[in-house]
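Take any residue in the sequence shown, count from 1 to its spot, add 1: that is its number in our numbering.
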Amino acid sequence: VEMCWPDPLPAEPGRQRRQLEALAELCAHTLDTWDGVVAPVLAGAGDFLGELVDFVDGLHDPAVLLSPCVDGGRLTDFRIHHANVRFADPGGRPRSRIVGTRMLETYPLAAQESGLLDKIQRVYATGEPFRADSMAITTLVDQVPLTVLTDVSVTRFAGNVLLILRVQDDAAKLAVLLQHAQRLGRIGGFEENVVTGAITWNTELFALYGLPPNATPLSLHDLATHAHPDDAPSIGRFLRAVLHHQRPSSTAFRLQRSDGVARHIRVVAEPVADARGELLAVRGAYQDVSAQHWTEVAL
């Protein structure tokens, strides 16, 4: 692309220069991706494709319609034929920069081994749908890799492929963030139903106790049996406050694990009562404060 002006331009045209570069990139992209061949349209194919676009637009999920690119009888890529209004590019790009491009141009990292393109090609070849939750999708945005967790669905429709990319919502992101925060802070959460006796632990709490994830969670009533004998009085006061007086409470104790490892633990719990004030459950958290304890001792 060559552009000329009758008068000299400023040394750094700034915004105008960026606009011209974007225009040149658009022209170059169009010329580079057009193969100069207009594919023949089969009778009724256009009507069906139009109906398929209408179907995609009617979905509540963010969806993309992919058409195969075949060269010499060999599948080489997929062209993004259409994207509905709910589609959000994982890299944050607008739909206008997505529709009409090829997968490998827009999502080059999808070609990684066992990546998204591999899943799409498998569905196109076999017709067997593919579903995955929390699949990591990496895109290049200004040459910087950006990875997001996405729920993916791939389905073949009469020679085309329907791709649904649902970027996880804030609630799912917060749940993952909480898991990492608990891991980094060495915090394990629990809830014990005092009516049914059912006990729920998260993964980190099993790790704090040195138990496998399929082990039976321990009741609060067994807390003293897994602690240093000198900590029994403070544990007793903690249990009476939570279970009998129904008050939030906390205490520190030395956990003696079955594998011989001793850890300094702080536990905090609160009662859960019904409308009549009857105790239903106790929920709380354990935190491994061993590092803090030994730092204080050293100081």
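All C-beta atoms in this analysis are idealised placements derived from N, C-alpha and C, irrespective of residue type, glycine included.
This one's a predicted model, so the numbers in the text were calculated from it and none came from an experiment.
Contacts around residue i, its chain only, beta-carbon distance under 6 Å, and the 5 residues preceding and following it disregarded
{"i": "Thr201", "result": "Glu192"}
{"i": "Phe239", "result": "Ser250, Thr252"}
Nearest-angstrom Cβ-Cβ length linking residue i and residue j, presumed shorter than 8 Å
{"i": "Ala84", "j": "Arg96", "result": "5 Å"}
{"i": "Arg80", "j": "Arg103", "result": "5 Å"}
{"i": "Ser250", "j": "Val243", "result": "5 Å"}
{"i": "Val273", "j": "Leu281", "result": "5 Å"}
Under the three-state DSSP convention, the category residue i falls into
{"i": "Gly285", "result": "strand"}
{"i": "Ile121", "result": "helix"}
{"i": "Met136", "result": "strand"}
{"i": "Thr151", "result": "strand"}
{"i": "Phe88", "result": "coil"}
{"i": "Asp1", "result": "Any answer about residue 1 is impossible in this case: the structure gives the chain only from 2 up to 300."}
{"i": "Val54", "result": "helix"}
{"i": "Leu110", "result": "helix"}
{"i": "Ala199", "result": "coil"}
Other residues of its chain near residue i: CB distance less than 7 Å, five sequence neighbours each side excluded
{"i": "Val39", "result": "Its pLDDT being 42, under 50, Val39 is placed unreliably by the model, and the measurement read from it follows with that caveat. Contacts found: none."}
{"i": "Ala233", "result": "Ala225"}
{"i": "Ala126", "result": "none"}
Terminal residues of the alpha helix (DSSP H) in which residue i lies
{"i": "Gly190", "result": "Per DSSP, Gly190 belongs to no alpha helix (DSSP H); it is in the beta strand (DSSP E), 188 to 194."}
{"i": "Thr107", "result": "104 to 107"}
{"i": "Phe207", "result": "204 to 210"}
C-alpha distance - residue i paired with residue j, whole-angstrom precision
{"i": "Gly198", "j": "Leu179", "result": "26 Å"}
{"i": "Ala23", "j": "His61", "result": "33 Å"}
{"i": "Arg248", "j": "Thr204", "result": "26 Å"}
{"i": "Ala276", "j": "His245", "result": "17 Å"}
{"i": "Asp119", "j": "Thr77", "result": "12 Å"}
{"i": "Phe158", "j": "Pro9", "result": "55 Å"}
{"i": "Glu3", "j": "Leu21", "result": "10 Å"}
{"i": "Gln17", "j": "Ala25", "result": "12 Å"}
{"i": "Ser154", "j": "Ala228", "result": "49 Å"}
{"i": "Ala29", "j": "Pro130", "result": "36 Å"}
Residue range of the beta strand (DSSP E) that includes residue i
{"i": "Pro234", "result": "From DSSP, Pro234 is part of no beta strand (DSSP E) but of the alpha helix (DSSP H) over 233 to 240."}
{"i": "Glu271", "result": "263 to 274"}
{"i": "Thr252", "result": "250 to 257"}
Residues near residue i in its chain [Cβ-Cβ closer than 8 Å; skip 5 each side]
{"i": "Leu67", "result": "Phe79, Arg80, Ile81, His82, Met104, Ile121, Asn161, Val162, Leu163, Leu164"}
{"i": "Leu209", "result": "Arg187, Gly189, Leu256, Arg264, Ile266, Tyr287, Asp289"}
{"i": "Ala137", "result": "Thr148, Val149, Leu150, Thr151"}
Cutoff 9 Å: residue i Cβ touching any chain C Cβ
{"i": "Arg167", "result": "Absent from the structure: chain C. Only one protein chain is present."}
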